[in-house]
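Worksheet: one structure, shown below.
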Amino acid sequence: QQGSKVIDKYSLYVPKTGTFPKGFKVASAATGVKKNGNLDLGIILNTNQSYPSSAAAVFTTNKFKAAPVLLSHKVLEESSGKNVNAIVVNSGCANSVTGDVGMKDAREMVGLVNEQLHQENSTLVMSTGVIGQRLQLNKISQGIKDIFGQNKFGTDFESWLNISKCICTTDTFPKLITSKFTLPNGTEYTLTGMAKGAGMICPNMA
Amino acid sequence: TLLGFIVTDLPIQSQALQKMLRFSTERSFNCISVDGDMSTNDTICMIANGAVETPEITETSSDYEQVKLQVTEFGKRLAQLVVRDGEGATKFVTVNVKNALNFADAKIIAESISNSMLVKTALYGKDANWGRILCAIGYAKLGDLSSLDVDKINVSFIATDNSEPRELKLVVNGVPQLEIDEERASEILALTDLEVLVDLGTGSEEAQFWTCDLSHEYVTINGDYRS
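Protein chains in written order, with the numbering used here: chain R, 1 to 206; chain A, 1 to 227.
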């Protein structure tokens, strides 16, 4: 009964509207990797052509780095953080402790998105979910092709909310925040952030 | 596992962006805990696509500091949502360690308190257990003990609902306050948001860490997880 005071976290912490940064579009899909059929694949895409995009990341310092961590780190190193225009994320399977085949699967995920962008080294990849299992690449590959083939991308609030849902595992609510800021010269810019996490949480990223 | 991404339409040069994200992470995503476990997949990435017409921001830009601090506060907000959603969490806890000799010590002490199962279960049980907090400070993995002075340490609970008295002193200059106002302690610990304040009195640096309580629900969720 100690925890009996149930808080409706969803209505407390999930926004109902939002304005989002220029030049990004997002998409999500339910590929079937999640047993419950929920959204479990998302892609963020930079569509702005006026400036070569910059990317940065911090990664877990756990000794057993997952395949997506190792590959994303490699992409950033090889690209020096320039012209990275996409992030692809899957949930339901962490692709961790999966050895060489896990690396091959992560490369295939990245490769499929790079192909659509007609660019090399332009996609970061993240996975989360059960450790020690291989990605169900058939479902994820189909999901990526469907997202691009059916142009499931959007810039509306619902699209952003859905991609923050597709990365959830044991989360009870999607974590999406977005804010506008103004520089001293009057320029307005936007930060939008999404996160997932509810268990196995004490990161020390570098 | 913690995953997250932050995107912006500001033009930020990639080295500057990496430095900004590292600074922000050190004060936000690396300052949270639900269960003290570090995943194999934790990743936070950021893309700046420059869709907004303004000069590129580099480490020498006059706007660099302001944007860095805005990204840091933004990161804190996002990181705290993860803790609020901690498995089985019924409390959101801010651990404030101040007046430490250096930031690293303040952060290590705050993390030690935040990861103590005994502190987290005490908070779940609404028990003003200063002994467990002091114990967690005492075994923190500090490089040396210069930030700790047993005669200068103060530990308090701070009411987060602006009710008065805001501060419930549990330890004053190393001396436990045995005549604690139990009624007031119960009021403060009944709140969903809690704040533990530790004043080390050996410097001027401070750090914040966010954690949650440890409840039966956490065990239920993770006990029947099948991988």
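C-beta: ideal position from N, C-alpha, C; glycine also.
For residue i, would you say it is in contact with chain R, using Cβ-to-Cβ distances shorter than 8 Å as the test?
{"i": "Leu2(A)", "result": "yes"}
{"i": "Asn115(A)", "result": "yes"}
{"i": "Gln18(A)", "result": "yes"}
{"i": "Val52(A)", "result": "yes"}
{"i": "Ala48(A)", "result": "yes"}
{"i": "Arg132(A)", "result": "no"}
{"i": "Leu78(A)", "result": "yes"}
{"i": "Glu87(A)", "result": "yes"}
{"i": "Ile44(A)", "result": "yes"}
{"i": "Gln208(A)", "result": "no"}
{"i": "Arg84(A)", "result": "yes"}
{"i": "Ile221(A)", "result": "yes"}
{"i": "Ile137(A)", "result": "no"}
{"i": "Asn129(A)", "result": "no"}
{"i": "Leu81(A)", "result": "yes"}
{"i": "Ser112(A)", "result": "no"}
Who pairs with residue i in a beta bridge, going by DSSP?
{"i": "Gln246(A)", "result": "Past the edges of chain A, shown from 1 to 227, lies residue 246(A), and the structure says nothing about it."}
{"i": "Cys228(A)", "result": "Any property of residue 228(A) remains undetermined from this structure, which presents chain A solely from 1 to 227."}
{"i": "Tyr124(A)", "result": "Per DSSP, none; premise fails for Tyr124(A)."}
{"i": "Arg5(A)", "result": "Residue 5(A) is actually Phe in this sequence, not Arg. Its beta-bridge partners are Met194(R) and Cys45(A)."}
{"i": "Met205(R)", "result": "Thr60(R)"}
{"i": "Gly42(R)", "result": "Ser28(R) and Val89(R)"}
{"i": "Thr128(R)", "result": "Ser91(R) and Cys93(R)"}
{"i": "Ile32(A)", "result": "Trp210(A)"}
{"i": "Gly154(R)", "result": "Val26(R)"}
{"i": "Glu188(R)", "result": "Thr182(R)"}
{"i": "Thr123(R)", "result": "Ala86(R)"}
{"i": "Val119(A)", "result": "The partner list for Val119(A) (beta bridge, DSSP) is empty, contrary to what the question assumes."}
{"i": "Val97(A)", "result": "Val198(A) and Ala207(A)"}
Below 8 Å on the Cβ atoms is my contact criterion, and I expect residue i with residue j to pass it. Report the Cβ-Cβ distance as a whole number of Å.
{"i": "Trp210(A)", "j": "Thr25(A)", "result": "The pair is not a contact, with the Cβ atoms about 14 Å apart (cut-off 8 Å)."}
{"i": "Thr60(R)", "j": "Ser39(A)", "result": "6 Å"}
{"i": "Glu206(A)", "j": "Lys98(A)", "result": "4 Å"}
{"i": "Ala29(R)", "j": "Gly143(R)", "result": "4 Å"}
{"i": "Leu252(A)", "j": "Asn41(A)", "result": "Any question about residue 252(A) goes unanswered here, given that chain A covers just 1 to 227."}
{"i": "Asn207(R)", "j": "Ala106(R)", "result": "Chain R is shown from 1 up to 206; residue 207(R) falls before or after that span and cannot be answered."}
{"i": "Ser91(R)", "j": "Asp146(R)", "result": "Ser91(R) to Asp146(R), Cβ: 17 Å. No contact."}
{"i": "Val89(R)", "j": "Ile167(R)", "result": "5 Å"}
{"i": "Ala136(A)", "j": "Ser156(A)", "result": "Going by Cβ atoms, the distance from Ala136(A) to Ser156(A) rounds to 15 Å, so no, they are not a contact pair."}
{"i": "Thr182(R)", "j": "Phe20(R)", "result": "Thr182(R) to Phe20(R), Cβ: 17 Å. No contact."}
{"i": "Phe205(R)", "j": "Val97(R)", "result": "In the sequence as displayed, the identity of residue 205(R) is Met instead of Phe. About 19 Å; that fails the 8 Å criterion."}
{"i": "Asn154(A)", "j": "Asn129(A)", "result": "Contact doesn't hold; Cβ gap of about 16 Å is too wide."}
{"i": "Lys76(A)", "j": "Ser28(A)", "result": "4 Å"}
I'd like the span of the alpha helix (DSSP H) that includes residue i, first residue to last.
{"i": "Ala238(A)", "result": "Since the displayed chain A opens at 1 and closes at 227, residue 238(A) lies outside it and no answer follows."}
{"i": "Val110(R)", "result": "Gly99 to Leu117"}
{"i": "Cys168(R)", "result": "Unbroken run through Cys168(R): none, as it is neither H nor E."}
{"i": "Ala104(A)", "result": "Phe103 to Ser114"}
{"i": "Leu76(R)", "result": "Ala67 to Ser79"}
{"i": "Ser207(R)", "result": "Nothing can be reported for residue 207(R): it is not among the residues displayed for chain R, which extend from 1 to 206."}
{"i": "Ser62(A)", "result": "Careful: Ser62(A) lies outside any alpha helix (DSSP H) and carries neither H nor E."}
{"i": "Leu148(A)", "result": "No alpha helix (DSSP H) holds Leu148(A); DSSP gives it neither H nor E."}
{"i": "Lys175(R)", "result": "Lys175(R) -> not in any alpha helix (DSSP H); beta strand (DSSP E) instead, spanning Lys175 to Thr182."}
{"i": "Leu12(R)", "result": "Lys9 to Tyr13"}
Let me check you understand the geometry: is the CB of residue i closer than 7 Å to at least one non-hydrogen atom of the ligand GTP?
{"i": "Asp105(A)", "result": "The model depicted lacks the ligand GTP and carries no ligand whatsoever."}
Between which two residues does the beta strand (DSSP E) containing residue i stretch?
{"i": "Val88(R)", "result": "Ala86 to Cys93"}
{"i": "Thr160(A)", "result": "Run containing Thr160(A): none; DSSP gives neither H nor E here."}
{"i": "Gly132(R)", "result": "Counting along the chain, Gly132(R) falls outside any beta strand (DSSP E), and DSSP gives it neither H nor E."}
{"i": "Glu195(A)", "result": "Asp193 to Asp199"}
{"i": "Leu10(A)", "result": "Per DSSP, Leu10(A) belongs to no beta strand (DSSP E) and is neither H nor E."}
{"i": "Lys169(A)", "result": "Glu167 to Val172"}
Comparing the C-beta of residue i with each C-beta of chain A, is any distance below 8 Å?
{"i": "Gly193(R)", "result": "yes"}
{"i": "Leu124(R)", "result": "yes"}
{"i": "Ile159(R)", "result": "Checking the sequence, you will find Ser at residue 159(R) rather than Ile. No, no contact with chain A."}
{"i": "Asp100(R)", "result": "no"}
{"i": "Pro15(R)", "result": "no"}
{"i": "Phe59(R)", "result": "yes"}
{"i": "Met205(R)", "result": "yes"}
{"i": "Phe24(R)", "result": "yes"}
{"i": "Gly197(R)", "result": "yes"}
{"i": "Ser11(R)", "result": "no"}
{"i": "Cys166(R)", "result": "no"}
{"i": "Val97(R)", "result": "yes"}
{"i": "Thr170(R)", "result": "yes"}
{"i": "Phe153(R)", "result": "no"}
{"i": "Asn38(R)", "result": "no"}
{"i": "Ala29(R)", "result": "no"}
Practice task
Please list the residues of the region 80 to 92 of chain R that have a C-beta atom closer than 9 Å to any C-beta atom in chain A, keeping them in chain order.
Solution key: Ser80, Gly81, Lys82, Val84, Asn85, Ala86, Ile87, Val89 and Ser91
Handout entry: Contact list for the region 173 to 190 of chain A against chain R, Cβ threshold 8 Å
Key = none
Problem - Within 7 Å of chain C by C-beta, residues of the region 9 to 37 of chain A in sequence order - result: Absent here is chain C; the protein component of the structure consists of chains R and A.
Problem - Positions along the region 172 to 187 of chain R whose CB lies within less than 8 Å of some CB in chain A - result: Thr172, Phe173, Lys175, Ile177, Ser179, Phe181, Leu183, Pro184, Asn185 and Thr187
Problem - Members of the region 91 to 110 of chain A that neighbour chain R once the beta carbon cut-off is set at 7 Å - result: Residues passing the 7 Å Cβ filter: none.
Problem - Interfacial residues, the region 52 to 68 of chain A to chain R, with Cβ spacing under 9 Å - result: Val52, Glu53, Thr54, Pro55, Glu56, Ile57, Ser62, Asp63, Gln66 and Val67
Practice task
Using a Cβ-Cβ cut-off of less than 7 Å, list which residues of the region 38 to 52 of chain R approach chain A; keep chain order.
Solution key: Ile44, Asn46, Asn48, Ser50 and Tyr51
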